[in-house]
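**Student:** I'd like to ask you about the structure that follows.
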Amino acid sequence: MIPRTEAELFQRARALAGRTLGSIAAEHGSVPPVELVKAKGWAGQLLERALGASAASRAEPDFQHLGVELKSLPVDARGRPRESTFVCTIALSEIGDVEWESSRVWRKLRRVLWLPIEADRRLLPAERRVGEPLLWSPSAEEESALRFDWEELSGLMGRGAVEAITGHLGKWLQVRPKAANGQARRRALDADGVGFATLPRGFYLRAAFTARLLASHYAIGRP
DNA sequence: TTGTGATCATCT
DNA sequence: AGATGATCACAA
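Here you go:
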């Protein structure tokens, strides 16, 4: 069940292209929800199962032995991403000591299997089709741009300014809340290295980034 | 309880 | 409309 090579993983992903989530769900004993409001991660978790990823939720790529991260990407009828893409949570008390090469962001984004999913709100989850997969690594320019954002944001957090960060910062990568609710708290360090509790946050890729990514690899997304 | 899977819902 | 801030379910 676990793909042994990247090629095998990609081949398996290509076999899903054009199929509906409902038909894939039927093969894995999964019952499609009528709405995603209480099942936001359903499609992503179904695709993990269908492709043989471990269901484990760790701060590592989904296919750790291959170094590949699986990301479903909701797209509209024109193939444009409908949402930003969550990358990882932020260890606020350590972020100041981490380098880009060993960061969670880079470990997850250095190799990604993108799986576009039809995400028109008028479609039931079961009716939505899977698109052609894209096995992607950032180009040198893309990596450089992502690293620039990451270093700016990480620098601020490392200096204790996490609460000064808003979703407006970062050209391609942004920091936004990532929590069960507004009462959730995570340990962070202030400018003097003193611990305090704050809302958990995560790194997200802006939809503009994934839109460019799709446009440069598919014949879509261009007016 | 924390991180991963994300989308929802509100504001601009 | 698009983006930011808020939120929901599940596994380990």
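For the first sequence, the residue numbers in the working numbering are 1 to 223.
Idealized CB from N, CA, C, for every residue including glycine.
1) Please work out which residues of its chain come closer than 8 Å, Cβ to Cβ, to residue 136, disregarding the five sequence neighbours upstream and downstream, and give them in chain order.
2) Classify residue 194: buried if its beta carbon has 16 or more other beta carbons within 10 angstroms, exposed otherwise.
3) What residues in its chain sit with their C-beta under 7 Å from that of residue 77, if we drop five residues either side in the sequence?
4) Are there 16 or more other CB atoms within 10 angstroms of the CB of residue 203, so buried, or fewer, so exposed?
5) Measuring CB to CB, does residue 130 end up less than 8 Å from residue 21?
6) By the 10 Å Cβ neighbour count, where 16 or more other Cβ atoms means buried, how is residue 247 classified, buried or exposed?
7) Which residues share a DSSP beta bridge with residue 69?
8) Got a sec, what are the start and stop residues for the alpha helix (DSSP H) residue 150 sits in?
9) Quick check: what's the CA-CA separation for residue 221 versus residue 159?
**Tutor:** Here's the rundown:
1) Counted from its first residue, the first sequence places residue 136 at position 136. Same-chain partners within the cutoff: 111, 112, 113, 114, 213, 217.
2) To locate residue 194, count along the first sequence from 1; it is residue 194. Result: exposed.
3) The count along the first sequence starts at 1 and reaches residue 77 at position 77. Cβ neighbours of residue 77 beyond the five flanking positions: 120.
4) Position 203 of the first sequence, counted from the start, is the residue given in the question as residue 203. By the 10 Å Cβ count, residue 203 comes out buried.
5) Here residue 130 refers to the residue found at position 130 when the first sequence is read from its first residue. Here residue 21 refers to the residue found at position 21 when the first sequence is read from its first residue. Closer than 8 Å, so yes.
6) Because the chain spans 1 through 223 in this model, residue 247 falls outside it and cannot be assessed.
7) One-based indexing of the first sequence puts residue 69 at position 69. Looking at the DSSP assignment, residue 69 forms a beta bridge with 112.
8) The count along the first sequence starts at 1 and reaches residue 150 at position 150. 140-158 is the extent of the alpha helix (DSSP H) around residue 150.
9) Indexing the first sequence from 1 puts residue 221 at position 221. Indexing the first sequence from 1 puts residue 159 at position 159. Reliability fails at residue 221, whose pLDDT of 49 lies under 50, so the model's placement of it is uncertain and no value is given.
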